[in-house]
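Undergrad: Shown below is the structure under consideration.
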Amino acid sequence: MWKIVNGKLIQTVDETRTEYKTRISASLIKKLKVMAKESNSHIGYLLENGFENILNESALMYDKKNRPKDRIEFRTTCDKETLESLRLFAKSNKLNLNDVIEASESYINIEDVKNANWRYRIEKE
Numbered sequence: 139m140w141k142i143v144n145g146k147l148i149q150t151v152d153e154t155r156t157e158y159k160t161r162i163s164a165s166l167i168k169k170l171k172v173m174a175k176e177s178n179s180h181i182g183y184l185l186e187n188g189f190e191n192i193l194n195e196s197a198l199m200y201d202k203k204n205r206p207k208d209r210i211e212f213r214t215t216c217d218k219e220t221l222e223s224l225r226l227f228a229k230s231n232k233l234n235l236n237d238v239i240e241a242s243e244s245y246i247n248i249e250d251v252k253n254a255n256w257r258y259r260i261e262k263e
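Right, dumping it as structure tokens:
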């Protein structure tokens, strides 16, 4: 992200975001790549939108017997507060964070997803 400080443009790190690593379905990642390309976004922004929407639910019905067998490691970034809320949501529903992340795919609202250029935004200090 960029900030305007004393009339000058300075590149800075967005302190509200945090990196995280998880294991999710490889087929889900492929599906998200296609969605991201079609909506001019990134997988992380798609997932973050799904996280925000799933947190509006009071409970999540998830069948642990249907967990995917093709989980691979995946790294991306997310808003710190959203990720922490998602962890608490997973714990309160007695689920792993991976399960909630995969379930959030069905809660993605393409119209509300951040654009790929969002990371290059300019903010005033």
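To convert, count from 1 in the sequence shown and add 138; that's this note's numbering.
Glycine is no exception: its CB is placed at the ideal position from the N, C-alpha and C atoms.
(1) Can you find the residues in the same chain that come closer than 8 angstroms, C-beta to C-beta, to Thr-215, ignoring five residues on each side of it along the sequence?
(2) Under the rule that 16 or more other beta-carbon atoms within 10 Å means buried, what is Leu-226, buried or exposed?
(3) Kindly indicate the opening and closing residues of the alpha helix (DSSP H) around Arg-225.
(4) In or out: Asp-237 buried (at least 16 other Cβ within 10 Å) or exposed?
(5) Check whether the Cβ atoms of Ile-192 and Leu-198 lie closer than 8 angstroms to each other.
(6) Verify whether the separation of the beta carbon atoms of Ser-269 and Phe-189 is less than 8 angstroms.
(7) Quick one: using the 10 Å Cβ neighbour count with 16 as the cut-off for buried, is Asn-253 buried or exposed?
(8) Between the alpha carbons of Arg-213 and Lys-232, how many angstroms are there, rounded?
(9) Check whether the Cβ atoms of Ile-210 and Ala-164 sit closer than 8 angstroms, and answer yes or no.
(10) What's the C-alpha gap between Lys-207 and Arg-161?
(11) Could you check whether Ile-148 and Lys-262 sit closer than 8 angstroms to each other, using their CB atoms as the reference points?
(12) Output yes or no for whether 8 angstroms exceeds the beta carbon distance between Asp-250 and Asn-187.
TA: Looking at the atomic coordinates:
(1) Taking the sequence shown and counting its residues from 1, the one referred to as residue 215 is at position 77. Taken in chain order, the residues that qualify are Arg-155, Thr-156, Glu-157, Tyr-158, Gly-182.
(2) To locate residue 226, count along the sequence shown from 1; it is residue 88. So Leu-226 counts as exposed.
(3) To locate residue 225, count along the sequence shown from 1; it is residue 87. For Arg-225, the enclosing alpha helix (DSSP H) begins and ends at 218–230.
(4) Numbered from 1 along the sequence shown, position 99 holds the residue referred to as residue 237. Result: buried.
(5) Translated into positions along the sequence shown, residue 192 becomes position 54. Translated into positions along the sequence shown, residue 198 becomes position 60. Yes, these two residues count as a Cβ contact at 8 angstroms.
(6) There is simply no residue 269 to check, as the chain begins at 139 and stops at 263 in what is shown.
(7) In the sequence shown, the residue the question calls residue 253 occupies position 115. It counts as exposed.
(8) Along the sequence shown, read from residue 1 onward, the residue named residue 213 stands at position 75. Along the sequence shown, read from residue 1 onward, the residue named residue 232 stands at position 94. Approximately 23 angstroms, taken between the alpha carbons.
(9) Against the sequence shown, residue 210 aligns to sequence position 72. Against the sequence shown, residue 164 aligns to sequence position 26. It is a contact, given that the beta carbons lie within the stated cut-off.
(10) The residue labelled residue 207 in the question sits at position 69 within the sequence shown. The residue labelled residue 161 in the question sits at position 23 within the sequence shown. Using only the alpha carbons, I get a separation of about 11 angstroms.
(11) Indexing the sequence shown from 1 puts residue 262 at position 124. Indexing the sequence shown from 1 puts residue 148 at position 10. Not a contact, by the Cβ cut-off of 8 angstroms.
(12) On the sequence shown, position 112 is the one that residue 250 refers to. On the sequence shown, position 49 is the one that residue 187 refers to. One thing to note: Asp-250 has its Cβ within 8 angstroms of the Cβ of Asn-187.
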